[in-house]
Every structure is written in C-alpha cells, then in structure tokens.
Amino acid sequence: MNSTRQSRFDAIAAAMGHSFAGEILIGGDYVSTQRHGPQVFVSGQIPRVGTTVVVTGRVGSEVSLAEAQAGARICAMRALALLARALGSLDRITQLLKVGVYVQSAADFTQQSEVADAASALLHEVLGPAGTHTRTSVGVYQLPKNAAVELDLIAAVE
Amino acid sequence: MNSTRQSRFDAIAAAMGHSFAGEILIGGDYVSTQRHGPQVFVSGQIPRVGTTVVVTGRVGSEVSLAEAQAGARICAMRALALLARALGSLDRITQLLKVGVYVQSAADFTQQSEVADAASALLHEVLGPAGTHTRTSVGVYQLPKNAAVELDLIAAVE
Amino acid sequence: MNSTRQSRFDAIAAAMGHSFAGEILIGGDYVSTQRHGPQVFVSGQIPRVGTTVVVTGRVGSEVSLAEAQAGARICAMRALALLARALGSLDRITQLLKVGVYVQSAADFTQQSEVADAASALLHEVLGPAGTHTRTSVGVYQLPKNAAVELDLIAAVE
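If you're matching them up, the sequences are chains A, B and C in order.
The working numbering applies: residue 1 is where the first sequence begins, and numbers increase by one.
The working numbering applies: residue 1 is where the second sequence begins, and numbers increase by one.
The working numbering applies: residue 1 is where the third sequence begins, and numbers increase by one.
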C-alpha cells in the first residue's frame, strides 16, 4: 500500500465524521494504555464519540448487527487513536497480539463473531499484516453505560 | 511419565473419536495463534469438531454440567492442537500462563469453575507441570454460534 | 508517602476486619499466580473472606452498587495478597498492567465502571503510581459461586 497507516486511519475517521483526537482522556486510578517493554495494553473501549456513547443497547433486539458492527469499528478506532498517542505513531506497532470483543447480547443472539469481524477488518485495513491478531469474542449481559460493544487489545510495539 | 505430550494428546483425541488435525484453519483479519517472543496467544476456541459445534446451548438449563465439561475438554484440545501446529511440537510449551473460560450460563448456574476444571485437568494431563495455569472463569450470556463454552489462553514457549 | 505498601495493605485489611493471610490456597490443575519473566498473571478472584463468598447475587437488583464496590475491594485485596506471597513483597511490583473486572449484573445495570473504580482506587492507594493499570469491565450473566464480582490482573514485576 502506498498510503500510510495514519492516512488510512484519517480516511476512516473522516468517513465516520469524527477525528478521534483529544477527547480520549481518562485519569486517576486507571489509564487508557500501559506499556511494558515491547507490549502495550489498551483499556476496554466503548463506542464513544466525544462525550456520547453512540451505539447503546442489546444487540439482536434493540441493536442490529450492522449497528453493532459500526460500534465495533468505533471501538477499534479509539484503540488505534490511543496507541498512536501513546507511541507517537501507528507505525511503531509491530503486531497486534490479542483483541477481546464483548457484545451486549440478546438472549438468542449468536453472531458475536460477526460483530467482532468488523473491528478485525478495520484493524487489518489500517495496520496491514501487523493488524492481524488473535481474538476472543463473547456475549455479555451488560456493558458500562449501556454500550452495545466493548473492545480491548494487546499490541506488540518497537 | 514415560508417555509423551503428543501421545497423551493422541490418546485423548482417540477417546473423543476425533483427530483435531487439519480443520482448524481461519484466515483473513484474525488468526488462531500469534507469537510474540516467548509468548503465544491462542484465539477463543469453541467446542467445534470438524465443522460442527457439538455442545450448544445454555449450561444449567439446556446443557448439563457433564456436557459442558465435555465441551470444555474439546476447547482445550483445539487450543493444544493449534499450539502444536504453531510451534511444531507440544514439547516447546514451557508453561501455560493464563486460561480464560467463558460459559454460556443459565441465570442461576454458578458452577463455571467446575466446567473450567475439566479443561484445566486435561491441560495438566497432557502437558504435565507445564500445563498448570492461572484461570478466570465467568458466566456469559451468549457465545458465538450458540456454543456452550469458549476457552482462550496464553502460553510461554521456548 | 511515608507509609509502605504493606502497611497500607495492612491498614485496609484491618479496616475490613480480615488479614487475607493464609487461606488463599488452591492447588492441582491451576494456580493462583503464574510468573513469566517480568510478568505475573493472577487468577480471577471473587470476594471470598476465609471460606465464605461475602458478596453474592446480581448487582443492580439483589446487590447494591456500594455492596458491589465493597466486593471489588475484597477481590483487589486478594489479588494483592497473592502477589505479595508470590513475590515475597508488594514492593517488587513495578507496575500493574491490566485489570479485568467482571460484574454479575442485572439486565439494566450499567455501572460496571463504577464497581471497578473501587478496585482501581484501592490498587492505586496501596501501590501508588505502580498501581495504575489499564482496565476492562464488563457485565456478565453469572459468576462462580454466585459471586457478585470477579477480578483478575497482570502485573509487571522486578
């Protein structure tokens, strides 16, 4: 690809209508990212844009698969934005290692993998081969702030 | 033990009536295993044999404890099969570090640890002392493809 | 702070009326802690004091937010007690990396982050800056022994 990771991130952000810059600040007792040698841990991200969680509710009843996938993409963008800020550049990610996807599910909703696929595809699209990862997706009963989906990850970095 | 890890794996697989060879291929945006230096991450495994998820439904109502334990054992065998393929041999596992067990639970089912015990025992049986691990077991609301149980892990390797 | 990590741990334990010494022994196929080089993994802890799980039930209906927070603090103390035992001293923790908080939730309970905050604050209080961490908190459907909350973590150690 001639494009850079950052330019691909920016193009997706532009299509989403949000820059993912600046608002992702938490403080106090826990942090958004924690580096340990060549690994960076990223806290669970919910589909928040600015101060609003934009995809809420139970997937399979209140929330459609497509809406949940859009939410998963926002979570993935937030995780990338946090990594870019922590590392200075997305180019310092050598490999995603593990992605966890938690879907607030209706009792009979069994397409958690399909929700997670949307995040996996975005991570691969932005980072190229470094964006492939192992993954665990489960259907949980609730998520903070009634978020429809939450995503965390571990990345290897240079 | 005079037997080898692989021979113990093969004996269990034979008793289960399945080789766990060949069918565990996923591709594209995520992968079954990802190595990072001395650690290997394994994606969440559901009790799939060939192309069929063989233990589905909610544990404690539709699925018995014994059936869920059988499912957990299949998940563990799949994880071992993936590690063997990624590493060339089960003998290259120096220590399991962390196992996560996710049980699709009925509202009042509280024996998630007992489900996980079946996977832990199998891992210990095949790998010996290297098979002990830390563990987190939780009761989730749904799992991909209506699986009754899902298992992921992190292993230390040489 | 002039106080030591252990003295702060002891003060909290005294206020809780429990020493967290001695009873945290599991054996067999899985273990409470597993060290791998500079990382220690801690198994999922439920709010057990001695042999009793002291905060059980579904948060948001049977269990109040305050009770769940008390449970999360017990889980965090247990994790610290296990780390102290495994390492010889809490002073050998250089940084908490990742904390997972699993809250057995009522269908409409969305304050999983607030439950987790109680654990995060305690970890920070005892360990100082080394106690900050990334975090993922989710609402699960059930937990082992009907526990209201479960917590696991990964720590960096010297």
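Each residue gets a CB set at the ideal place from its N, CA and C atoms; glycine is no exception.
Computed from a predicted structure; not experimentally measured.
Nearest to residue i (by Cα), restricted to the options the options
i        : options                                   : result
C/Ile46  : B/Ile154, B/Thr136 and B/Ala121           : B/Thr136
B/Ala51  : B/Val99, B/Ser120, B/Gly128 and B/Phe20   : Residue identity differs from the one stated: residue 51 of chain B is Thr in this sequence, not Ala. Ranking the options by Cα distance to B/Thr51, first place goes to B/Phe20.
A/Val99  : B/Ser120, B/Met16, B/Ile154 and B/Ala13   : B/Ile154
B/Thr134 : C/Asp117, C/Leu123 and C/Asp152           : C/Asp152
C/Leu96  : C/Ala130, C/Gly88 and C/Ala76             : C/Ala130
C/Ala81  : C/Leu127, C/Gln104, C/Asp117 and C/Gly139 : C/Leu127
A/Glu158 : A/Ala76, A/Ala84, A/Arg48 and A/Ala66     : A/Ala84
B/Tyr30  : A/Ser105, A/Ala68, A/Ser113 and A/Thr33   : A/Ser113
A/Ile93  : A/Leu123, A/Ala15 and A/Val149            : A/Leu123
B/Thr4   : B/Asp91, B/Gly28 and B/Ser105             : B/Asp91
B/Ala14  : B/Gly28, B/Ala68, B/Val49 and B/Ala121    : B/Val49
A/Gly28  : C/Ala118, C/Glu150 and C/Ser105           : C/Ala118
C/Leu87  : C/Val149, C/Leu65, C/Thr33 and C/Gly17    : C/Thr33
B/Ala76  : B/Ala156, B/Ala121 and B/Val138           : B/Ala121
C/Ala116 : C/Arg78, C/Ser89 and C/Ala68              : C/Ala68
A/Ala156 : A/Val101, A/His36 and A/Gly17             : A/His36
A/Ala149 : A/Thr132, A/Met16, A/Val53 and A/Gly17    : Correcting the residue identity first, residue 149 of chain A is Val in this sequence and not Ala. Measuring from the Cα of A/Val149, the nearest candidate turns out to be A/Val53.
B/Ser105 : C/Ser89, C/Tyr141 and C/Val103            : C/Tyr141
C/Val101 : B/Val103, B/Ala66, B/Val138 and B/Leu65   : B/Val138
A/Ala66  : A/Ala79, A/Val103 and A/Ser89             : A/Val103
C/Met16  : C/Thr132, C/Gly57 and C/Arg78             : C/Arg78
Closer than 8 Å at the beta carbon, the chain A residues around residue i
i        : result
B/Glu150 : Thr136 and Val138
Closer than 9 Å at the beta carbon, the chain C residues around residue i
i       : result
A/Phe41 : Leu97, Lys98, His133, Thr134 and Ile154
A/Thr4  : The premise fails here: A/Thr4 is roughly 26 Å from chain C at the closest Cβ pair, so nothing lies under 9 Å.
C-beta neighbour in chain A for residue i, strict 8 Å
i        : result
C/Gln112 : yes
B/Thr33  : yes
B/Gly44  : yes
Cross-chain neighbours of residue i in chain A, by beta carbon under 9 Å
i        : result
C/Asp117 : Gly28, Asp29 and Tyr30
Per-residue contacts from residue i into chain B (C-beta, under 8 Å)
i        : result
C/Leu143 : Thr110, Gln112, Val138 and Gly139
Contact list for residue i against chain C, beta-carbon separation under 7 Å
i        : result
A/Gln69  : Under the 7 Å cutoff, chain C gives no residues; its nearest Cβ is about 19 Å from A/Gln69.
B/Ala121 : Asp29
Proximal residues of chain C, C-beta to C-beta of residue i below 8 Å
i       : result
A/His36 : Pro38, Gln39, Gln95, Leu97 and Ala156
C-beta neighbour in chain C for residue i, strict 8 Å
i        : result
B/Ser105 : yes
B/His18  : no
Checklist entry - Between the stretch 55-63 of chain B and the stretch 102-118 of chain B, are three or more C-beta pairs nearer than 8 Å? => result yes
Check: Counting pairs of beta carbons, one from the stretch 65-77 of chain A and one from the stretch 8-17 of chain B, are three or more of them closer than 8 Å?
Finding: no
query = In chain order, which continuous runs of the beta strand (DSSP E) of length 3 or greater are located wholly inside the stretch 110-147 of chain B?
reply = 134-140
Next item on the list: Count the C-beta pairs between the stretch 31-47 of chain C and the stretch 139-151 of chain B that are closer than 8 Å, then say yes if the count reaches three, no if not.
Entry: no
Could you tell me which uninterrupted alpha helix (DSSP H) segments, each at least 4 residues in length, are contained entirely in the stretch 32-103 of chain C, listed from first to last along the chain?
-> 65-87
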